[in-house]
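Protein chains: 2
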Amino acid sequence: MIATLNHQALLQVAIDEAMLGLSEGGVPVGGALFAADGSLLGRGHNRRVQEGDPSIHGETDAFRKAGRQRSYRDKIMVTTLAPCWFCSGLIRQFNIGTVIVGESVNFPGGIDWLRENGVTVIDMASKECIDMMSDYIINNPAVWNEDIGEE
Amino acid sequence: MIATLNHQALLQVAIDEAMLGLSEGGVPVGGALFAADGSLLGRGHNRRVQEGDPSIHGETDAFRKAGRQRSYRDKIMVTTLAPCWFCSGLIRQFNIGTVIVGESVNFPGGIDWLRENGVTVIDMASKECIDMMSDYIINNPAVWNEDIGEE
Chain A
1 MIATLNHQAL LQVAIDEAML GLSEGGVPVG GALFAADGSL LGRGHNRRVQ
51 EGDPSIHGET DAFRKAGRQR SYRDKIMVTT LAPCWFCSGL IRQFNIGTVI
101 VGESVNFPGG IDWLRENGVT VIDMASKECI DMMSDYIINN PAVWNEDIGE
151 E
Chain B
152 MIATLNHQAL LQVAIDEAML GLSEGGVPVG GALFAADGSL LGRGHNRRVQ
202 EGDPSIHGET DAFRKAGRQR SYRDKIMVTT LAPCWFCSGL IRQFNIGTVI
252 VGESVNFPGG IDWLRENGVT VIDMASKECI DMMSDYIINN PAVWNEDIGE
302 E
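Going down the list, the sequences are from chains A and B. Residue 1 is where the first sequence starts when you use our numbering, and the numbers rise one by one after that. Residue 152 is where the second sequence starts when you use our numbering, and the numbers rise one by one after that.
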């Protein structure tokens, strides 16, 4: 069923979240968790800056908003940027079956590791996502480095 | 400096958090983040049951409570139970230098992977932690399996 979904439409939800974060002065990474039939379970965005909370990445926020789920194997995590180790670990621990990433150019994250561990990773190579993130990194290098634990 | 700290005293903070969680009806895993001099930065515990929030593990809660930090390399994450992939990913992404785990008998988590990636992992093999967790798993298998993404 996942193969028949409109991946770009799912990604758009995450992009809208990222842009909301940007408008709030935050790191523009958005995420959304969907059921296998494409229904939305949770959506969210990075709020390191807005709430001073380093644990809120786009993926962790979407996962949290979706609440408790009995199984994640048929779920789809969508994120504007390849997931960092924290979020890749989330995906692996809870056996989220499919991940759609907007791009992995600005940050490769753990997508190779996820693939090695049986996760289906679909990289959309979205120019919109690449440009949004590269613009942010160029203009806010300190916040970005803090967000990925670089000193 | 970390070598001279009383590891058992640091672990006790995480145990106290785990027991608080247990008294609330939750999964008894606690965590605490310390600076290199042993001062407490944040402490917390699993609240999957209490708040219906699957993203709150002992480690993520302690990390969150500590707020934004410029560097984690000299920080110490203490947890009553070996960190799952989600929490191991957190530790790796933010380059937390040292992890003290109460035990890894009931759940090995990602401690070998963390060691391979340069994290100092100190396993206390605490009988108190082992008994607390095994009692919980025996009495609450469904919640425990949900917490680690097992179906």
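A virtual CB, placed ideally from N, CA and C, is assigned to each residue, including glycine.
- For the pair SER55 of chain A and THR249 of chain B, the CB atoms are not nearer than the 8 Å cut-off.
- With respect to ILE273 of chain B, ILE251 of chain B sits close: the two C-beta atoms are nearer than 8 Å.
- With fewer than 16 neighbouring CB atoms inside 10 Å of its own CB, LYS278 of chain B falls in the exposed class.
- Spanning the alpha carbons of ASN139 of chain A and GLY26 of chain A requires a straight line of approximately 12 Å.
- In the structure shown, PHE94 of chain A falls within a coil segment according to DSSP collapsed to helix, strand and coil.
- Proximity of chain B to ILE148 of chain A at the Cβ level (cut-off 9 Å) is accounted for by GLN244 and PHE245, in chain order.
- Using a CB distance below 8 Å, the part of the segment 68–98 of chain A facing chain B consists of ARG68, GLN69, ARG70, SER71, TYR72, ARG73, CYS84, TRP85, PHE86, CYS87, SER88, GLY89, LEU90, ARG92, GLN93, PHE94 and ASN95, ordered along the chain.
- At least one beta carbon of chain A lies nearer than 8 Å to the beta carbon of ARG199 of chain B.
- DSSP, read as helix, strand or coil, puts ARG64 of chain A in helix.
- Only residues of its own chain outside the window of five on either side were considered, and among them VAL178, ARG199 and VAL200 have a CB closer than 8 Å to the CB of VAL294 of chain B, listed in chain order.
- In this structure, GLY30 of chain A sits away from ALA9 of chain A, with a CB-CB distance that is not shorter than 8 Å.
- Taking 8 Å as the CB threshold, GLU17 of chain A stays off the interface with chain B.
- Between the beta-carbon of GLY218 of chain B and that of TRP85 of chain A there is about 20 Å, and that puts the pair past the 8 Å contact cut.
- With a 10 Å radius around the Cβ and a threshold of 16 neighbouring Cβ atoms, PRO141 of chain A comes out exposed.
- The criterion of a C-beta distance shorter than 8 Å is satisfied by VAL119 of chain A and ILE91 of chain A.
- Shown here, VAL121 of chain A sits in a strand according to DSSP, grouped into three states.
- Put simply, of B:SER222, B:GLN163, B:GLY189 and B:HIS196 the residue whose alpha carbon is nearest the alpha carbon of SER174 of chain B is B:HIS196.
- LEU162 of chain B is not a Cβ neighbour of VAL256 of chain B, given a cutoff of 8 Å.
- Within chain A, the residues placing a beta-carbon under 7 Å from that of SER206 of chain B are THR60, PHE63 and ARG64, ordered along the chain.
- Taken atom to atom, the span from the alpha-carbon of PHE214 of chain B to that of ALA186 of chain B is near 12 Å.
- For GLY30 of chain A, the nearest beta carbon of chain B is not closer than 8 Å to its own beta carbon.
- DSSP places PHE107 of chain A outside both helix and strand once states are collapsed to three, so it counts as coil.
- If you look at ARG43 of chain A, you'll find it in the beta strand (DSSP E) that goes 40–45.
- Residue contact check for GLU302 of chain B against chain A: a CB pair falls below 8 Å.
- For GLY30 of chain A, the pairing in a beta bridge is given by DSSP as A:HIS45.
- In the structure shown, ILE251 of chain B adopts extended strand secondary structure according to DSSP, grouped into three states.
- Against chain A, the beta carbon of GLY195 of chain B has no neighbour under 7 Å; the closest one sits roughly 10 Å away.
- Of the residues A:ALA125, A:HIS7, A:MET133 and A:GLU151, the one whose Cα lies closest to the Cα of ALA32 of chain A is A:HIS7.
- Here GLU151 of chain A is actually not in contact with MET124 of chain A; their C-beta atoms are around 31 Å apart, not less than 8 Å.
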